[in-house]
Structure formats: C-alpha cells, structure tokens
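Undergrad: Pasting in a structure now, in structure tokens, and then I'll have a few things to ask.
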Amino acid sequence: MKLSKRVTGKPLYLFAEIDRAREEAVARGLDVVSMGIADPDLPPPDWLYALLQEEVRRPGNHRYPDYRGLPEFLDAVVEWMGERFEVGDLDAQTEVITLLGAKEGVAHMAWAMCDPGDMALIPEPAYPVYSANCQYAGADVHYLDLTQEGNFLPELGSVPEDVARRAKVFYINYPNNPTGACAPSAFFQELIAFAKKYEIAILADNAYSEVYFDENERPQSILEFPGAKDVCLEFHSFSKTFNMTGWRIGWAVGNAKLVKALLTIKSNVDSGQFNAIQHALARTMRHPERDAFLEKNRERIRERRDIVAAALDEMGIWHPDPKATYFFWCRLPEGHEDGIRFASELLLQEGFVVAPGAGYGPHGKDYFRLSLTTPEEDIRKGMAKLKRFMGK
Ligand SMILES: Cc1ncc(COP(=O)(O)O)c(C=O)c1O
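Sequential numbering from 398 applies to the sequence shown in my numbering.
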C-alpha cells in the first residue's frame, strides 16, 4: 500500500510524540511530572454535570444535530459575544457556526480557503495546526517571525508585496500559544487594514480569551474593531474557558461568507456536535454562577503563574511575563543549545515533561514551553526537577 505524501515520513502531532517519550520515562520507573500539554487538570463547573445528565436524557437530543449548530447554542454565542466583548450586530443564522473544538475549526478553514499554490501567512512560533493544514491543502506558507523585540507581534511591513498579493489567509492567535503574549488594539486595526488591502481572510484563534491575569487587560476580540467582519472569522473554544478539553466544542464567528465556506467543508466531513452538549453549553453560557466560576479558575492559574515565575527567576531562566494563557515561554538555560535534546534529557533523566519550542516552529528552537495546567504540588516538583537537571 502506498500512503499519501501528506503522511509519508511525517511525524505525529507534537504531543503524540511527547506522550510516547513520557510512557518510556514511566516504564523506566521515573516519577513523571508534566507541564507539557495545555490540558487543564481543574474540573469543569459543577452544575455542568447535572445539565449534561438532564440533556442526555431528552429523547430529541439523540438524533443528528443541525450542521451549523443548535439555534439555542448559536443564540447563546451571540449573547456571549455581545456581553463579553461588546461585539453587537451578529446574526446567529449566518455569522456563527458550532465547532468540534477550535482545533477542528482552524484546521478545516485552511481546506475551505486554500488551493494548491496559494499562500498562507502564519506567524511563528505558532500552534502547529495552522501550517499543517495549509500545507495539506497544498498552500505555501510564508512565516512571520514573532520575536521578543517585536513583542511577539508579526511585522506586517515585512511581508513582500508579491507574497501579500498571493495570500489567501492570515492566521493569528492572541492571547498567544506558545508565547503568552496579547495583541494591542493598534495591531488588530493595522491587520484589518492590511487584510482589506490584499483581500486576505484573517483567521483569528481566540481559544485563550478567558485565561487572563489582569482584569484591566482582558483579551479582546478582533470583531470589536470596525471593518473586522468584512474580512475575519474568529475561533472560540470551551476547552480552556470551562476546563473541558475532552468535550470537543467551540464556535467560529464573523464573516458570513467565511462561515458558509467552513460549513461546506464541515458538512461533508462531520455531522455536528451532540445536541445534549450544545444545550448544556448554551445553558452554561447563561448560568448565574458563570462569572464566579471563571474568576475562581483564573485565581488558581494566577497562583500557579506566581510559583513558576519565582522559580524560573531564581534559576535565572529568561521568560516573558505571560499576560494571558497558561504558558511560560522559556529560553534554554546556558549550556543547552538543542531544545529537543534538552526536553528529552530532562524527561529521561528527571521525569519532567516540557514542550520543546521547536515544535512550534524554527524560532522556537531556543525555547521550551511550560503549561500551568498541572496541580500546584506537581508544579513545585517539576521546578525542583528542573533545578536539579541544571545542576543548581
Ligand atoms: C492556540 C490554540 N488553539 C486551539 C486549541 C485547541 O482548542 P480546542 O480544544 O477547542 O480544539 C489549542 C489547544 O491547545 C490552542 O493552543
């Protein structure tokens, strides 16, 4: 049998590889602690279990869902966008679509937009799903470097004219995985003008909008800015907001033509999300204890951030202070030049899992990423393992 070029000789998804190495460390008898994948250890809201149980028992919920999404769910999304982001004027029927998680949405959007020979603009380091799917669809990828000096924002002026003219999509992700950076209003405005000039779709991944540290610096939606809806589709997720990565639900919102393009692909690939889950989440988005849950959740992540920041500073490991997300983007300590080797030796010697920066693109090669989705006790253990590994 001959497999496609898409898969031949290609690695599994980054974390599938890390999971394999982790199993090897466990088999060696190490007490393994992970700050690798961003998979929240904290539970979803209590009330959500009861809502799901109720909805699972409703007979009507067991049939194929509507491809675009359940009307109650789409309406709840429109309310949420208005309340949380002050994005008004959304049409639940044409400008919103339910996703099986933001990952599925950003991946299928590449297929909806790109033909072989098209160009995709992707900042780097980045969540690897954007470039993988643009390349599956046959597009060329032009990477824009995210650097500390550039506040981890892509420099739009660096895109050559011919590349901009060929481009079909521009992926962005703020709050950013893996750097923890947020984007200021001026960047969103500049990007919208750029996308309009070159007729490019902005695909804005906002999966971490609710994992922020400072109430006065809440992450924004690009749809808050004038003209965004002409060129933009934004992706949201319940995974991190309500600690429910396994449930697989999110939404995309924005330009109606882009929503329809995504629906065309999705309706030929999947058959929507379970209605019971959509009902339970619609009720969760309107739940009276919603804000209290979200704030308590953030409080825990803030405590963890403080533990990690203090430990890294003590070890002299450079990192930007994350404004949002779970992530510490750490420069490799002196004496270590190969990030993949650093991560695998740290795992096999000490049993501490970190994500090697190279998994997010060439600019990540001098970094490793820590995720705050680990209990405090394990975070402390992990920091002690790192310290020992560095010989400090
Ligand atoms: C930037 C980014 N987008 C999307 C996702 C996946 O979100 P979901 O679980 O909704 O598919 C992740 C998960 O790590 C992510 O880091």
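Using N, Cα and C, we set each Cβ at its ideal position, and we do this for glycine too.
Among the residues of its own chain, which have a CB less than 7 Å from the CB of Leu709, if the five just before and after it don't count?
TA: His716, Phe725 and Cys727
Undergrad: Look up Val485 in the DSSP assignment and say whether it is helix, strand or coil.
TA: The sequence shown places Gly at residue 485, rather than the Val named in the question. The answer is coil: DSSP assigns Gly485 none of H, G, I, E or B.
Undergrad: Pick out whichever of Ile674, Glu731 and Gly577 has its Cα sitting closest to the Cα of Arg766.
TA: Gly577
Undergrad: Tell me which residues share the same chain as Ala418 and place their Cβ nearer than 7 Å to its Cβ, disregarding the 5 neighbours each side in the sequence.
TA: Ser741 and Leu744
Undergrad: Alpha carbon to alpha carbon, how far is Phe690 from Pro442? Give it in angstroms, no decimals.
TA: 7 Å
Undergrad: Find the nearest neighbour of Arg777 within the set Gly457, Glu596 and Ala707, judged by alpha-carbon distance.
TA: Ala707
Undergrad: Between Gly651 and Ser634, how many whole angstroms is the CB-CB distance? I'm expecting something under 8 Å.
TA: Wrong, their Cβ atoms sit about 15 Å apart, outside the cutoff.
Undergrad: Spatial neighbours of Lys593 within its chain, please: C-beta separation below 8 Å, excluding the five flanking residues on both sides.
TA: Gly624, Asp627 and Val628
Undergrad: Quick check on Lys399: buried or exposed, where buried means 16 or more other Cβ atoms within 10 Å of its Cβ?
TA: exposed
Undergrad: Flag this pair as touching only if the stretch 697 to 705 and the stretch 548 to 568 have three or more C-beta atom pairs under 8 Å; answer yes or no.
TA: no
Undergrad: Would you kindly report the start and end of the unbroken beta strand (DSSP E) that includes Arg728?
TA: Phe724 to Arg728
Undergrad: Can the beta-carbon of Gly433 be found closer than 8 Å to that of Ala755?
TA: no
Undergrad: From Leu427, Pro440 and Arg425, pick the residue whose C-alpha is nearest to that of Thr770; which is it?
TA: Comparing Cα-Cα distances from Thr770 to each of Leu427, Pro440 and Arg425, the minimum goes to Pro440.
Undergrad: Relative to the C-alpha of Tyr609, which residue among Pro719, Ala517, Val705 and Ser582 is closest?
TA: Pro719
Undergrad: Comparing C-alpha positions only, which one of Trp508, Glu483, Gln746 and Lys782 sits nearest to Arg617?
TA: A small fix is needed here, since residue 617 is Gln in this sequence, not Arg. Ranking Trp508, Glu483, Gln746 and Lys782 by Cα distance to Gln617 puts Glu483 first.
Undergrad: Going straight from the alpha carbon of Gly535 to that of Asp515, what length do you get?
TA: Roughly 7 Å separates the two Cα atoms.
Undergrad: Taking Glu521 as part of the beta strand (DSSP E), name the residues at either end of that continuous run.
TA: Met516 to Glu521
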